[in-house]
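Reading through the structure tokens given below for one structure.
Protein chains: 2
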Amino acid sequence: MEFTVLKTCGKARLGLLKGTHGVTETPCFMPVGTLGAVKGLTWEQISQMGYHLVLSNVYHLYLRPGLEVIESAGGIHAFTGWNELILTDSGGFQVFSLGKLMKITEEGVEFRSHIDGSKHFFTPEFVVEFEERIGVDIGMVLDECTPYPATYEYAKHSMERTVRWAERSINARTTDKTALFGIVQGGVYEDLRLKCVELLTELPFDGYAIGGLSVGEPKEEMYRITALVAPELPFDKPRYLMGVGTPLDIITAVENGVDMFDCVMPTRNARNGTLFTSEGKINIKAAKYKKDFSPLDPNCNCYTCRNFTRAYLRHLHVSGEINGIVLNTIHNLYYYSRLMEEIKEAIKRGTFNKLKEELAKIFTK
Amino acid sequence: MEFTVLKTCGKARLGLLKGTHGVTETPCFMPVGTLGAVKGLTWEQISQMGYHLVLSNVYHLYLRPGLEVIESAGGIHAFTGWNELILTDSGGFQVFSLGKLMKITEEGVEFRSHIDGSKHFFTPEFVVEFEERIGVDIGMVLDECTPYPATYEYAKHSMERTVRWAERSINARTTDKTALFGIVQGGVYEDLRLKCVELLTELPFDGYAIGGLSVGEPKEEMYRITALVAPELPFDKPRYLMGVGTPLDIITAVENGVDMFDCVMPTRNARNGTLFTSEGKINIKAAKYKKDFSPLDPNCNCYTCRNFTRAYLRHLHVSGEINGIVLNTIHNLYYYSRLMEEIKEAIKRGTFNKLKEELAKIFTK
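Going down the list, the sequences are from chains E and V. Sequential numbering from 1 applies to the first sequence in our numbering. Sequential numbering from 1001 applies to the second sequence in our numbering.
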């Protein structure tokens, strides 16, 4: 993997990330394709929107379809048909949130599948091996995702274990075709976060993520920790804020030097009928859209906005038609893609603050 | 509406149907878009596959989003964003099968909505008015869909009422922008079917449908009635076999002179994982596809077959990902589109029998 910072505007950075299967500009948003598919869209649609890096998930892919199937297919790209960059989250977060966590030991984490209750064990070494064997472009290390709230003691132990696991992950690497990112933990405790940065940056990771945020803490905590941690991470490596966020969260993090994002928000919201527009968020279910024959967003050029009205989208949504999901997802991911384009443009032109003010006006009214 | 028979091969006909919003070659298959959307696909995908006429449904559109919304939008084309031909079934079949039928009188049919149980009343005149006001290219008259089995007496009364309703429908017309088709009923009784043809063809319909088939009767009955009725219908008007069917059903009906078809089979089957291929039907759920990295159909050129494997489609299906529905639907509708192309080609070249034999071999093995 290669990463180059091309330009800065304050702490915000414009960069280029080259992996084994492609290139993406940064700051970038990664659409979430948990099971090897972005819900509702074809890869063709994803790529045409300007996304060249998508996120998938070790926990989910390990359970379904499983390592053997993906490896037999010739790797995750051959299996899914997506020919550009893939990053996989390690599954640490999913083990803690989705599966039934059984036991964390120094060796690893025991959990039950959320599908059939079967028992499984992940070690840091296994996660790296899995990511390398399925051939992702960027793998995340197995970490212990500190919940919120957590006591100082809990957060400290959990951060320290995450660092020890990170070291084991580095030692388990066998190829540089799969880049490996470390994950900063430490809860909302500033000294723990900084200690974690200090220890992880001694290890030769290709990039660094800020984990354990967007797990229920107040927004200000998330902003505070991001602003503290991001600038401390190596300048020449990509910085990834996991599981974030809203347009305002993203631009605020970019302002602090973050390069990469992922979040289920645009895709999950689309399925619930919540849509991002140039005038703020709207819920398409609302009765007031019943005879609203204007486009979803008059300032948007996506397939949905060019061809359909709010009234039609509302009809599909309330009728439970899957076309509603498809058209809403097209729009929300297009919105996020355009947001990232605007952010990159603003860094280039030095108009970053103006853009942030505009977004703040739209999304806090 | 204009209809021209361009060529025949035995009783099979190659034709051209021009309506207010476009043109389609016949024989044609109409994808089902009950609620004003073909489940899982964009109009762009539908049109690119070669479909220029889709089916929707008065019963469903009347309940959701309702006449007022569609009319305010400027009609069904403006509302849905589909700019080519639309035919609407009258809802007769849905009132009998889906809603809670309350009472059939000479005046019309009282039913309860399957959505909220609310009470409604359809007359033949209202259905024509609805179809004209939403601006469909082809409307179907309200008929009494005779169930199977039905006694001779029941079928006779029901057929006679359908004819009286047909006459009222003709009298209710106010524009020729919406073509109107009569529907032949009469159950599985040959004299009733022929009597119905005789009476309906005295009325100036733009086309004629064969209704009351594909309602649970044995295949041979469906074939027998189609073979009896289709050739008796006016040569210069389109003939539409409602709710049919499998590839073999379609080619058999074309052989008897039918021009138009609709069926939920390709779309509904896609959602259930049942896929039409050049080697017959397969169910993608089957364990044998777990590590089958060949295309769904090696002889198919659809987006799904060009880009994905059976193993990936199986993974999406068993994981409940809506992308499975989308990719399966793309394939099945592409398959039906290609089937209709092959049928038209065979009529042109006089190789109709050969194609029928090939299909029979594939789908009866």
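Positions of the beta carbon are idealized from the N, C-alpha and C atoms, including for glycine.
Need the endpoints of the beta strand (DSSP E) that residue i sits in, please.
| i | result |
| --- | --- |
| residue 1009/V | 1002-1009 |
| residue 1109/V | 1109-1112 |
| residue 1120/V | 1119-1122 |
| residue 1056/V | 1053-1057 |
| residue 305/E | Per DSSP, residue 305/E belongs to no beta strand (DSSP E); it is in the alpha helix (DSSP H), 303-307. |
| residue 277/E | 274-277 |
| residue 183/E | 179-184 |
| residue 1239/V | 1239-1241 |
| residue 49/E | Element bounds for residue 49/E: n/a, residue is neither H nor E. |
| residue 89/E | 85-89 |
| residue 1163/V | Segment 1152-1172 is the alpha helix (DSSP H) holding residue 1163/V; no beta strand (DSSP E) there. |
| residue 1092/V | It is not in any beta strand (DSSP E) - residue 1092/V instead sits in the alpha helix (DSSP H) that spans 1092-1097. |
| residue 1024/V | 1022-1026 |
| residue 1018/V | 1012-1019 |
| residue 191/E | No beta strand (DSSP E) holds residue 191/E; the alpha helix (DSSP H) holding it covers 190-200. |
| residue 1101/V | 1100-1104 |
| residue 1115/V | First-last for residue 1115/V: undefined, no H or E at that position. |
Out of the options, point me to the one whose CA is closest to residue i's CA.
| i | options | result |
| --- | --- | --- |
| residue 1040/V | 1197/V, 1051/V, 1353/V and 1326/V | 1326/V |
| residue 1195/V | 1223/V, 1167/V, 1057/V and 1163/V | 1163/V |
| residue 105/E | 114/E, 160/E, 89/E and 55/E | 160/E |
| residue 1173/V | 1114/V, 1186/V, 1153/V and 1204/V | 1204/V |
| residue 307/E | 295/E, 318/E, 242/E and 21/E | 295/E |
| residue 126/E | 223/E, 108/E and 317/E | 108/E |
| residue 18/E | 343/E, 298/E, 314/E and 238/E | 238/E |
| residue 1340/V | 1145/V, 1210/V, 1199/V and 1259/V | 1259/V |
| residue 124/E | 182/E, 86/E, 155/E and 232/E | 182/E |
| residue 1244/V | 1002/V, 1219/V, 1348/V and 1276/V | 1219/V |
| residue 1213/V | 1235/V, 1188/V and 1272/V | 1188/V |
| residue 141/E | 152/E, 276/E and 128/E | 128/E |
| residue 1035/V | 1360/V, 1158/V, 1075/V and 1064/V | 1064/V |
| residue 1151/V | 1131/V, 1192/V and 1168/V | 1192/V |
| residue 1165/V | 1153/V, 1200/V and 1147/V | 1200/V |
Determine the extent of the alpha helix (DSSP H) in which residue i is found, giving its start and end residues.
| i | result |
| --- | --- |
| residue 78/E | 76-80 |
| residue 223/E | 219-229 |
| residue 1252/V | 1247-1255 |
| residue 283/E | Residue 283/E -> not in any alpha helix (DSSP H); beta strand (DSSP E) instead, spanning 280-283. |
| residue 1329/V | 1322-1349 |
| residue 1311/V | 1310-1318 |
| residue 1352/V | 1352-1364 |
| residue 1209/V | Here residue 1209/V belongs to no alpha helix (DSSP H); instead the beta strand (DSSP E) covers 1207-1210. |
| residue 67/E | 67-73 |
For chain E, find out if any of its Cβ atoms is closer than 8 Å to the Cβ of residue i; answer yes or no.
| i | result |
| --- | --- |
| residue 1054/V | no |
| residue 1081/V | yes |
| residue 1326/V | yes |
| residue 1303/V | yes |
| residue 1337/V | no |
| residue 1319/V | yes |
Chain V beta carbons: is any one of them nearer than 8 Å to that of residue i?
| i | result |
| --- | --- |
| residue 40/E | yes |
| residue 323/E | yes |
| residue 309/E | yes |
| residue 37/E | yes |
| residue 118/E | no |
| residue 315/E | yes |
| residue 113/E | no |
| residue 312/E | yes |
**Report entry** Three-pair Cβ contact test at 8 Å for the stretch 1326-1339 of chain V versus the stretch 1302-1311 of chain V
**Finding:** When Cβ pairs closer than 8 Å are counted between the two stretches, the stretch 1326-1339 of chain V is seen to touch the stretch 1302-1311 of chain V, the count reaching three or more.
Query raised in the report: According to a CB-to-CB cut-off of less than 7 Å, which residues of the stretch 1249-1268 of chain V neighbour chain E?
Result: Residues: none.
Query raised in the report: Between the stretch 136-153 of chain E and the stretch 172-189 of chain E, do three or more beta carbon pairs fall short of 8 Å?
Result: In short, these stretches touch, since the Cβ pair count reaches three.
Query raised in the report: Should the stretch 1284-1297 of chain V be regarded as contacting the stretch 1243-1263 of chain V, the criterion being three or more beta carbon pairs within less than 8 Å?
Result: Touching, no.
Query raised in the report: On the three-pair Cβ rule with 8 Å, is the stretch 1248-1256 of chain V touching the stretch 1005-1016 of chain V?
Result: At 8 Å Cβ cutoff, the stretches touch.
Query raised in the report: In the stretch 272-300 of chain E, which residues sit with their C-beta less than 8 Å from some C-beta in chain V, listed in chain order?
Result: Those residues of the stretch 272-300 of chain E that come within reach of chain V (Cβ to Cβ, closer than 8 Å) are 290, 291 and 293.
Query raised in the report: Relative to chain E, which residues along the stretch 1055-1076 of chain V have a C-beta separation below 8 Å, given in chain order?
Result: Here the close residues are 1064, 1065, 1068, 1069, 1072, 1073 and 1074.
**Report entry** Validate contact between the stretch 18-29 of chain E and the stretch 40-57 of chain E using beta carbons, cut 8 Å, 3 pairs
**Finding:** Yes, since at least three Cβ pairs between the stretch 18-29 of chain E and the stretch 40-57 of chain E fall closer than 8 Å, the two stretches touch.
Query raised in the report: Are the stretch 1346-1358 of chain V and the stretch 1271-1287 of chain V in contact at 8 Å, needing three or more beta carbon pairs?
Result: Fewer than three beta-carbon pairs drawn from the stretch 1346-1358 of chain V and the stretch 1271-1287 of chain V are found closer than 8 Å, and the two stretches are therefore not classed as touching.
Query raised in the report: Are at least three pairs of beta-carbons, each pair with one atom in the stretch 334-351 of chain E and one in the stretch 1216-1231 of chain V, less than 8 Å apart?
Result: At 8 Å Cβ cutoff, the stretches do not touch.
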